[in-house]
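Chemist:
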Amino acid sequence: MEVPGFPPPVPFPRTILKHSLSTPGAVEHHSLNEPSPEIVKLHVDGDLEDDPFLDAEEEQGREDVISSVGQVEKMAEEEEEEEEEAAKERMAQRQLMAVEELVQSERNYLKLLQITTVTIRSNLQKLQPPLVNLDSMFLYLGGLIDVSSRFLSLLDQKHQRSGESITLEALCDSFLSLSSEIEAAYKEYLANYNRVIEVENSYKEKEALWNQIVQVIKTSAPEVNATSLSFFLVMPVQRIARYPLLLQTIQKHTDTRHPAYTLLEQTGHGAIAINCRINEYKRFREVADKYKKSETLSIIDKINRLNSRSIAKKTARLGQFIKHETGMVPKLVDEEFDGLEGFFSILDHAILQLLVNVELYLHHLQRFLNCRTEEFDLDMDGEKAPICYKEITSGLRLWILPVFEERMRDLIHKPLCALRDLLVGPRNLIRKRLHKLLDYEVIEGKTSLSYEEQAIANTYRTMNTLLLNELPKFNGLALQMIWSMLGAFSCLHKDLASDLEQLFQSFAQQLPHSSLDAGAFWEWAEKAVLEGARALDALAQSTEETLLAPDSQPLNASSQQRLQELMVKHGSDKIYQVTGAVVGGRELNLTLAKGELVAVLNYADTRGDRRRWLVDAGGRRGYAPANKLSRYHQAEEAPPPSPHLSLPRGAGIVRRHSDTTHIPHTKAMAATFSQPCFQVYAAYSFTARGNHEVSLVAGQPVRVLEPHDKRGNPEWSLVEAHDRQRGYVPSNYLAVAPAATAVTSKRPSY
Numbered sequence: 000m001e002v003p004g005f006p007p008p009v010p011f012p013r014t015i016l017k018h019s020l021s022t023p024g025a026v027e028h029h030s031l032n033e034p035s036p037e038i039v040k041l042h043v044d045g046d047l048e049d050d051p052f053l054d055a056e057e058e059q060g061r062e063d064v065i066s067s068v069g070q071v072e073k074m075a076e077e078e079e080e081e082e083e084e085a086a087k088e089r090m091a092q093r094q095l096m097a098v099e100e101l102v103q104s105e106r107n108y109l110k111l112l113q114i115t116t117v118t119i120r121s122n123l124q125k126l127q128p129p130l131v132n133l134d135s136m137f138l139y140l141g142g143l144i145d146v147s148s149r150f151l152s153l154l155d156q157k158h159q160r161s162g163e164s165i166t167l168e169a170l171c172d173s174f175l176s177l178s179s180e181i182e183a184a185y186k187e188y189l190a191n192y193n194r195v196i197e198v199e200n201s202y203k204e205k206e207a208l209w210n211q212i213v214q215v216i217k218t219s220a221p222e223v224n225a226t227s228l229s230f231f232l233v234m235p236v237q238r239i240a241r242y243p244l245l246l247q248t249i250q251k252h253t254d255t256r257h258p259a260y261t262l263l264e265q266t267g268h269g270a271i272a273i274n275c276r277i278n279e280y281k282r283f284r285e286v287a288d289k290y291k292k293s294e295t296l297s298i299i300d301k302i303n304r305l306n307s308r309s310i311a312k313k314t315a316r317l318g319q320f321i322k323h324e325t326g327m328v329p330k331l332v333d334e335e336f337d338g339l340e341g342f343f344s345i346l347d348h349a350i351l352q353l354l355v356n357v358e359l360y361l362h363h364l365q366r367f368l369n370c371r372t373e374e375f376d377l378d379m380d381g382e383k384a385p386i387c388y389k390e391i392t393s394g395l396r397l398w399i400l401p402v403f404e405e406r407m408r409d410l411i412h413k414p415l416c417a418l419r420d421l422l423v424g425p426r427n428l429i430r431k432r433l434h435k436l437l438d439y440e441v442i443e444g445k446t447s448l449s450y451e452e453q454a455i456a457n458t459y460r461t462m463n464t465l466l467l468n469e470l471p472k473f474n475g476l477a478l479q480m481i482w483s484m485l486g487a488f489s490c491l492h493k494d495l496a497s498d499l500e501q502l503f504q505s506f507a508q509q510l511p512h513s514s515l516d517a518g519a520f521w522e523w524a525e526k527a528v529l530e531g532a533r534a535l536d537a538l539a540q541s542t543e544e545t546l547l548a549p550d551s552q553p554l555n556a557s558s559q560q561r562l563q564e565l566m567v568k569h570g571s572d573k574i575y576q577v578t579g580a581v582v583g584g585r586e587l588n589l590t591l592a593k594g595e596l597v598a599v600l601n602y603a604d605t606r607g608d609r610r611r612w613l614v615d616a617g618g619r620r621g622y623a624p625a626n627k628l629s630r631y632h633q634a635e636e637a638p639p640p641s642p643h644l645s646l647p648r649g650a651g652i653v654r655r656h657s658d659t660t661h662i663p664h665t666k667a668m669a670a671t672f673s674q675p676c677f678q679v680y681a682a683y684s685f686t687a688r689g690n691h692e693v694s695l696v697a698g699q700p701v702r703v704l705e706p707h708d709k710r711g712n713p714e715w716s717l718v719e720a721h722d723r724q725r726g727y728v729p730s731n732y733l734a735v736a737p738a739a740t741a742v743t744s745k746r747p748s749y
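Just so you know, the sequence shown maps onto residues 0 to 749 in numbering that gives the first Met the number 0.
1. Quick check on DSSP: helix, strand or coil for Asp145?
2. State the start and end residues of the unbroken beta strand (DSSP E) segment that holds Tyr727.
3. If distances are taken between C-alpha atoms only, which option among Thr578, Ala736, Leu529 and Gln699 comes closest to Asp722?
4. Which stretch, first to last residue, makes up the beta strand (DSSP E) that contains Ala598?
5. Answer with buried or exposed for Asn626, where buried requires no fewer than 16 other C-beta atoms within 10 angstroms of its C-beta.
6. Check whether the Cβ atoms of Phe137 and Thr116 sit closer than 7 Å, and answer yes or no.
7. If you draw a straight line from the alpha carbon of Thr226 to that of Glu81, how long is it in whole angstroms?
8. Exposed or buried, Ser730, counting other C-beta atoms within 10 Å across all chains shown (16 or more means buried)?
9. Which one of Lys413, His707 and Arg304 has the shortest CA to CA distance from Glu358?
10. Kindly indicate if chain D contains any beta-carbon less than 7 Å away from that of Ser121.
11. Going by CA-CA distance only, name the one from Lys493, Arg426 and Arg610 that's closest to Phe473.
12. Given Thr372, which residues of its chain have a CB within under 8 Å of its CB, disregarding the five upstream and five downstream residues?
13. What span of residues does the beta strand (DSSP E) with Arg770 cover, start to end?
14. Does the beta-carbon of Glu27 have 16 or more other beta-carbons within 10 angstroms, so that it is buried, or is it exposed?
15. DSSP three-state call for Asn356: helix, strand or coil?
16. Tell me the DSSP secondary structure of Thr660 in three-state form.
17. Given this structure, state the Cα-to-Cα distance separating Phe283 from Tyr185, to the nearest angstrom.
18. Applying the criterion that 16 or more other CB atoms from any shown protein chain within 10 Å of the CB defines a buried residue, is Ser344 buried or exposed?
19. DSSP three-state call for Tyr575: helix, strand or coil?
20. Quick one: what's got a C-beta closer than 6 Å to Leu262's C-beta in the same chain, skipping five residues either side?
21. Using the three-state DSSP reduction, which class does Arg256 fall into: helix, strand or coil?
22. Measuring straight from C-alpha to C-alpha, what distance separates Asp333 and Ser179?
23. Take the Cβ of Arg61 as the centre, count every other Cβ of all protein chains shown within 10 Å, and call the residue buried at 16 or more, exposed below.
24. If you reduce the DSSP assignment to three classes, tell me which class Ser229 lands in.
25. If you count every other CB in all the chains shown that lies within 10 Å of the CB of Ala556, and 16 or more means buried, which is it?
26. Look at the Cβ atom of Trp715, then the Cβ atom of Tyr732, and state whether they are nearer than 7 Å.
27. Note down, in chain order, each residue of its chain lying with its Cβ closer than 6 Å to the Cβ of Ser201, except the 5 sequence neighbours on either side.
28. Between the alpha carbons of Ala25 and Val68, how many angstroms are there, rounded?
29. So Leu151 and Leu109 are in contact, right, with Cβ under 8 Å, and what is the actual spacing, rounded?
30. DSSP state of Gly607, grouped into three classes?
31. Let's see if you can read the secondary structure: which residues bound the beta strand (DSSP E) around Arg630?
32. In this structure, how does DSSP classify Tyr683 when only helix, strand and coil are distinguished?
33. When you compare only the Cα positions, how much space is there between Lys157 and Leu189?
34. In terms of alpha-carbon separation, which member of Tyr242, Phe685, Met484 and Leu467 lies closest to Arg406?
35. Using the Cα positions of Asp337 and Pro329, report the straight-line distance between them to the nearest angstrom.
36. Among Leu565, Leu491, Asn712 and Val402, which has the Cα closest to the Cα of Gln365?
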């Protein structure tokens with residue numbers, strides 16, 4: 000009997016076989032297909048002869064060897080299985096510990112956040128004086144607490160359902176379901192974190208205040224032993240970066256054949272992607288915060304900022320802009336951005352215009368409230384209509400309209416003001432984007448860019464991407480706010496109408512014409528309102544004409560003497576009269592009385608301010624406000640002849656219109672117009688100073704409508720010029736001449 004793979008059997012002593020089996024490790028190093036060295040040696044020597052008894056013993060020994068080898072292999076396999084099971088158990092234990100670490104650290108993190116926002120914040124708010132910008136430090140912590148609480152709540156719910164430890168499926172599902180909320184909460188906090196540090200540093204600059212803050216922190220959280228606010232406020236920054244590390248640790252101790260391994264890998268990649276998007280958003284916000292600020296710089300600050308680099312940059316931008324406008328270089332067109340910018344411009348204009356209209360509306364409403372007409376005594380105590388009017392007006396002014404105004408300011412005016420302030424940031428970003436676009440176009444065609452040029456290109460791309468991503472959101476929210484405010488405006492007026500109806504119903508039966516039907520009542524009301532409006536308009540027009548009629552201040556003897564001196568020194572066209580008392584409060588300002596005459600030397604001060612004129616007050620020179628100086632017009636005793644007037648000799652009937660030496664002024668004017676052979680014309684040029692006057696050119700024919708003003712003053716005449724314009728002119732500026740010898744002009748004669 001032969002064993003396959005062995006050479007022919009060779010008889011050997013049993014003692015040798017036993018010795019070979021008893022040798023440590025002999026069976027372990029030799030399989031059934033390879034004979035032991037001792038057997039091979041016996042076979043090679045071949046000194047033993049064939050012996051049947053030895054063959055039987057040899058066969059029995061071989062079977063014993065085979066049985067022993069099988070037992071050893073089985074024991075080895077069992078040991079390997081035990082080691083594998085032990086390794087799996089250790090991996091599962093480590094995985095469970097990593098999961099518990101994530102959950103427990105989340106609980107501790109949530110607890111510290113709650114201590115920060117509830118205990119520490121409330122205690123810091125009690126400090127006196129109140130801390131500046133304290134609320135801005137805890138602005139987005141509420142969102143972090145909310146998302147962390149929801150994450151732990153989901154894990155607890157799934158743990159209670161299963162009754163076992165938190166599984167990988169539950170952990171991954173909970174994290175992935177809240178990934179968008181986690182990203183939204185953390186990106187706003189991290190984008191605002193630099194401002195939080197700035198506020199804390201401002202507190203540290205005041206040593207006494209900072210010591211109080213540290214004492215509050217130690218008292219509020221004694222178990223933490225923290226000495227600054229940044230210990231608590233930096234936790235969200237560390238936590239969002241720790242999620243990928245914890246998930247990778249769990250994945251490291253999870254078998255690849257685990258059913259939840261793919262889901263765990265997806266969760267880890269999701270956590271890394273969240274961190275990347277948050278970092279990108281933070282970078283965008285830093286660029287936006289840098290360029291959306293509007294600086295108010297003085298001329299000196301702008302000059303100090305000038306250097307060779309800034310001048311070169313601005314010159315390159317200006318050159319590129321000129322090339323665009325002249326068509327030398329095509330402009331880089333972005334249709335998507337142009338559409339967003341156009342819509343933003345429309346919203347910007349609409350918001351500003353709406354704000355102006357609302358402020359004007361509130362201004363008129365306030366003027367109506369200040370006009371307390373019900374307090375006037377109308378001497379109509381015995382009639383019902385005035386009594387009802389007083390009651391209704393009192394109810395409107397004291398209760399209904401003040402409430403309406405307050406709601407109007409809270410629901411419409413304040414949101415519009417806030418929206419107007421928010422427009423500044425996008426507007427500055429759009430302007431800066433245009434500047435960066437000009438810089439980018441200059442370096443766009445280059446094959447290789449320097450470090451500085453690469454930074455310019457990256458800045459432009461970042462700003463363009465930021466505006467493309469954020470401008471649609473801003474436009475949508477702004478439009479939504481506008482529609483909401485317009486809806487609130489309609490609702491406010493609906494409530495106002497309801498309140499007015501309720502107020503009027505209590506007095507409706509006592510008012511006249513209450514028995515009329517709706518059509519007849521509104522017809523009567525419309526007629527009454529129109530008649531009242533016409534009467535009021537006529538009264539306003541009459542009052543305006545009376546108030547705006549030209550007036551001149553009378554002159555005393557000293558003023559007459561000063562007038563002569565000023566006319567000799569400066570001429571008649573420089574003479575002005577003071578319309579109101581002037582008090583010289585500043586240096587070089589004159590103190591002048593009403594009606595005093597001055598000569599204007601310069602129509603601006605040394606700084607070019609046209610509101611202050613340099614005048615000569617008869618020896619005293621200084622500045623006077625221009626709004627209290629009016630050109631002085633008075634008939635001269637011997638006016639110089641008009642350069643445009645050429646009359647034949649012997650025309651002795653020609654006289655100035657204001658010459659009333661021999662006959663009264665009115666009769667002279669009437670006699671003039673009774674003779675068709677004479678014509679009234681302007682002897683001197685005159686410039687109108689208001690709507691009640693009319694401008695004339697020397698030699699221009701006019702038609703005199705009234706030889707005096709509304710007050711009967713003959714120094715002013717109401718005339719009609721060639722273009723049908725009517726107004727007042729000084730009477731001494733008019734002259735009369737025969738029609739045949741009047742100044743020829745293209746203007747039609749009257």
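Glycine included, each C-beta is placed from N, C-alpha and C at the ideal position.
Modeler: So, from the listed chains and residues:
1. What you label residue 145 is simply residue 146 of the sequence shown in a count that begins at 1. In this structure, DSSP gives Asp145 a helical state, which the three-state scheme calls helix.
2. On the sequence shown, position 728 is the one that residue 727 refers to. Unbroken beta strand (DSSP E) run through Tyr727: Arg725 to Pro729.
3. Along the sequence shown, one-based indexing puts residue 722 at 723. With distances taken between Cα atoms, Asp722 lies closest to Gln699.
4. By 1-based counting over the sequence shown, the position of residue 598 is 599. Leu596 to Asn601 is the span of the beta strand (DSSP E), which, as asked, contains Ala598.
5. The residue you call residue 626 lines up with position 627 of the sequence shown. Label assigned to Asn626: exposed.
6. The sequence position of residue 137 within the sequence shown is 138, counting from 1. The sequence position of residue 116 within the sequence shown is 117, counting from 1. Contact annotation: Phe137 and Thr116 have beta-carbon atoms nearer than 7 Å.
7. Here residue 226 refers to the residue found at position 227 when the sequence shown is read from its first residue. Here residue 81 refers to the residue found at position 82 when the sequence shown is read from its first residue. Approximately 52 Å, taken between the alpha carbons.
8. Here residue 730 is taken as the residue at index 731 of the sequence shown, counted from 1. Buried, because 16 or more other Cβ atoms sit within 10 Å of the Cβ of Ser730.
9. In the sequence shown, residue 358 corresponds to position 359, counting from 1. Out of Lys413, His707 and Arg304, Lys413 has the C-alpha closest to the C-alpha of Glu358.
10. Of the protein chains in this structure there is only one, and it is not chain D.
11. As a position in the sequence shown, residue 473 is number 474, starting the count at 1. That would be Arg426, whose Cα lies nearest to the Cα of Phe473.
12. The count along the sequence shown starts at 1 and reaches residue 372 at position 373. Excluding residues within five positions, the ones whose Cβ falls inside 8 Å are Thr392.
13. Missing from the structure shown is residue 770; the chain here goes from 0 to 749 and no further.
14. Here residue 27 refers to the residue found at position 28 when the sequence shown is read from its first residue. Legend: pLDDT at Glu27 = 41, less than 50; position of this residue unreliable, no value from coordinates given.
15. On the sequence shown, position 357 is the one that residue 356 refers to. DSSP places Asn356 in the helix class (H, G or I) of the three-state scheme.
16. By one-based count along the sequence shown, residue 660 stands at place 661. At Thr660, the pLDDT of 37 sits below 50, so the modelled position is not reliable and the matter cannot be decided from this model.
17. Here the question's residue 283 lines up with position 284 in the sequence shown. Here the question's residue 185 lines up with position 186 in the sequence shown. Near 15 Å, if we compare the C-alpha coordinates of Tyr185 and Phe283.
18. Against the sequence shown, residue 344 aligns to sequence position 345. Burial check for Ser344: the Cβ neighbour count within 10 Å stays below 16, so the residue is exposed.
19. Sequence index remark: in the sequence shown, residue 575 carries index 576 (1-based). In the three-state DSSP reduction, Tyr575 falls in the strand class (E or B).
20. Here residue 262 refers to the residue found at position 263 of the sequence shown. In its chain, beyond the 5 residues on either side, Cys171 have a beta carbon closer than 6 Å to the beta carbon of Leu262.
21. Position 257 of the sequence shown, counting from 1, holds the residue named residue 256. Coil at Arg256, not helix or strand.
22. For this step, residue 333 is matched to residue 334 along the sequence shown. For this step, residue 179 is matched to residue 180 along the sequence shown. Rounded to whole angstroms, Asp333 and Ser179 show a C-alpha spacing of 30 Å.
23. Within the sequence shown, numbered from 1, the residue matching residue 61 stands at position 62. By the C-beta density criterion, Arg61 is buried, having at least 16 other C-beta atoms within 10 angstroms.
24. In the sequence shown, the residue the question calls residue 229 occupies position 230. Helix, per DSSP.
25. Taking the first residue of the sequence shown as 1, we reach residue 556 at position 557. Residue environment for Ala556: exposed (fewer than 16 other C-beta atoms within 10 angstroms of its C-beta).
26. The sequence position of residue 715 within the sequence shown is 716, counting from 1. The sequence position of residue 732 within the sequence shown is 733, counting from 1. With respect to the 7 Å criterion, Trp715 and Tyr732 are not classified as neighbours on the basis of their beta carbons.
27. Reading the sequence shown from its first residue, position 202 is the one you call residue 201. Contacts found: none.
28. As a first step, residue 25 is located in the sequence shown; it is residue number 26 there, counting from the start. As a first step, residue 68 is located in the sequence shown; it is residue number 69 there, counting from the start. Because the pLDDT of Ala25 is 42, which lies under 50, any placement of that residue in the model is unreliable, and the question is left without a value.
29. Walking along the sequence shown from the start, residue 151 turns up at place 152. Walking along the sequence shown from the start, residue 109 turns up at place 110. Indeed they touch by this definition, with Cβ atoms about 7 Å apart.
30. As a first step, residue 607 must be located in the sequence shown, where it is residue number 608. If DSSP states are grouped into helix, strand and coil, Gly607 belongs with coil.
31. Position 631 of the sequence shown, counted from the start, is the residue given in the question as residue 630. Bounds of the beta strand (DSSP E) holding Arg630 are Leu628 to Arg630.
32. Along the sequence shown, read from residue 1 onward, the residue named residue 683 stands at position 684. Here Tyr683 sits in coil by DSSP.
33. Taking the first residue of the sequence shown as position 1, residue 157 is located at position 158. Taking the first residue of the sequence shown as position 1, residue 189 is located at position 190. Counting only the Cα atoms, Leu189 lies some 31 Å from Lys157.
34. Taking the sequence shown and counting its residues from 1, the one referred to as residue 406 is at position 407. Ranking Tyr242, Phe685, Met484 and Leu467 by CA distance to the CA of Arg406 puts Met484 first.
35. In the sequence shown, counting from the first residue as 1, residue 337 sits at position 338. In the sequence shown, counting from the first residue as 1, residue 329 sits at position 330. C-alpha separation (whole angstroms): 16 Å.
36. Position 366 of the sequence shown, counting from 1, holds the residue named residue 365. Out of Leu565, Leu491, Asn712 and Val402, the CA that lies nearest to the CA of Gln365 is found in Val402.
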